[in-house]
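Numbering (the numbering used here), first residue to last: 2 to 291.
Written out as structure tokens, the structure is:
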């Protein structure tokens with residue numbers, strides 16, 4: 002597999018760094034792999050299954066190697082990420098790209114396609130955690146707000162414990178979930194507060210990502226330009242992000258694509274987590290080539 006070349010791109014309020022892995026095949030269309038707030042390292046294994054295509058990964062603004070400008074707001078909105086993605090695709094100068102976007106990256110990619118569909122040939126939106134889409138949206142959004150409020154009040158360990166409890170919850174979020182205590186020790190997390198409030202997940206992207214409401218009318222209108230495939234993991238279908246994906250697919254009037262494994266099914270040990278990357282990549286290739 003070719004070694005990636007790292008490049009730098011200046012956008013409004015941020016300096017982005019992205020990696021280009023040249024492909025060995027004849028398909029000239031780049032494949033962009035994006036997450037949020039996960040950085041490019043999370044796609045190392047998945048990219049290794051697409052050596053025949055030019056693969057592009059990047060660190061979203063405020064994460065990893067991509068910095069935000071001094072004085073920029075702490076919280077980042079999906080629309081800002083969408084503008085960054087548009088600039089990145091234009092910088093590639095290779096025509097419309099194929100995009101596999103997972104989690105918050107899927108939210109950002111949906112915002113991109115709603116505004117700039119001509120930049121994307123096929124979007125595979127894997128488990129976008131748009132909490133307002135599920136039938137229990139009010140409870141889900143309250144729970145997301147509680148995760149962030151817990152982080153701001155008690156620090157990273159407490160906030161992350163509530164985040165894990167929420168994202169792994171099976172089925173609808175019950176009323177009053179936001180008030181339930183989740184000790185950090187439950188997940189082996191530190192109880193002490195380090196005083197920081199700029200965590201990329203809990204402090205910068207949590208509220209904007211989960212509260213984003215995809216513009217389904219714009220996405221339907223984009224169908225003549227961009228093929229949109231909404232996907233969820235077969236093992237996570239009762240969790241919030243997968244349920245949001247199913248709700249979005251229903252609103253768009255398209256079938257939900259079921260991928261192997263779970264929310265991080267493409268991971269091959271990155272961040273200590275593992276899915277079923279080989280089977281996941283096979284399904285992704287089939288979807289892209291359909």
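Note that beta-carbon positions come from the ideal geometry of N, C-alpha and C, so glycine has one too.
- the segment 130-145 / the segment 210-217 touching (three or more Cβ pairs under 8 Å): yes
- Kindly identify the DSSP beta-bridge partner or partners of residue 27. According to DSSP, which records beta bridges pairwise, residue 27 is partnered with nothing at all.
- Message: For residue 221 and residue 252, I'd like the C-alpha separation in whole angstroms.
- Response: 9 Å
- Task: Count the other CB atoms, across all protein chains shown, that sit within 10 Å of the CB of residue 272; report buried if there are 16 or more and exposed otherwise.
- Result: exposed
- Task: Out of 211, 40, 55, 43, point me to the one whose CA is closest to residue 29's CA.
- Result: 55
- Item | Alpha carbon of residue 225 to alpha carbon of residue 255, nearest angstrom | 14 Å
- Enumerate in chain order the residues of its own chain whose CB-to-CB distance from residue 209 is below 7 Å, with the five nearest sequence positions on each side excluded. 76, 77, 78, 79
- Item | Nearest to residue 106 (by Cα), restricted to the options 64, 138, 141 | 64
- DSSP state of residue 143, grouped into three classes? helix
- Task: Could you work out which residue in 260, 38, 67 is closest to residue 284 when comparing CA atoms only?
- Result: 260
- Message: Closest to residue 20 by C-alpha separation, out of 176, 5, 270, 83, would be which residue?
- Response: 5
- Task: Check whether the segment 136-148 touches the segment 170-189, taking contact to mean three or more Cβ pairs, one atom from each stretch, closer than 8 Å.
- Result: yes
- Item | Spatial neighbours of residue 142 in its chain, beta-carbon cut-off 8 Å, leaving aside the 5 residues before and after | 132, 133, 211, 212
- Which residues in the same chain as residue 286 place their Cβ atom closer than 8 Å to its Cβ, once the five residues preceding and following it in sequence are excluded? 50, 51
- Message: Suppose the cutoff is 7 Å on Cβ atoms and the five residues either side in sequence are ignored; what does the same chain contact list for residue 187 look like?
- Response: 162
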